[in-house]
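All remarks here apply to the structure that follows.
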Amino acid sequence: MGLFGGKKHFPSPCNEGRNCSYEYSKDPKRDIEGMPLIIGDPRSCPTYGHVCPNFMPEFNLTIEDLKIRAVIHCGALLMEDMRTGREKNINEAVAALMQRFFQVQEQYPPEQFPQYYSPDASRKLPRRYKD
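If you're matching positions, the sequence shown starts at -18 in our numbering and goes up one per residue.
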């Protein structure tokens, strides 16, 4: 069953001998952070489970969407690590990420933009944007 109903078969770049968009050795800037995880959909990566970048238009995803989702994802993970004591090193990079994380939360609150928040991450989000 496809994501939008009905059984669909999509050509997979993996099966056509194309270069994988997630293959880090070809381009270290390639990243799956922010890409939705849809396991079992033929348009998702069989290795990682995330939507294959070749099918982003079918999910109405843009590069800007992925950047927003990545900031929210990384910020939520960092907040959880800080809460549990796994992350104690607050350096410039961490401070910059947290500042960007709170800016993105304020600009794209989960109630109005649920497409940017994974169910797991949104349970852990601090509600700073409501302050």
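Note that CB positions come from ideal geometry on N, CA and C, so glycine has one too.
- The continuous alpha helix (DSSP H) containing Thr65 extends over residues Ile44 to Thr65.
- The C-beta distance from Tyr97 to Ile44 rounds to 14 Å, too long to meet the 8 Å contact threshold.
- When the beta-carbon positions are compared, Val75 and Val52 stay at least 7 Å from each other.
- Met37 and Thr28 have their C-alpha atoms some 17 Å from each other.
- DSSP places Met79 in the uninterrupted alpha helix (DSSP H) bounded by Glu73 to Gln88.
- Here Asp62 is exposed, its C-beta having fewer than 16 other C-beta atoms within 10 Å.
- The C-alpha of Ala77 is placed about 10 Å away from the C-alpha of Gly56.
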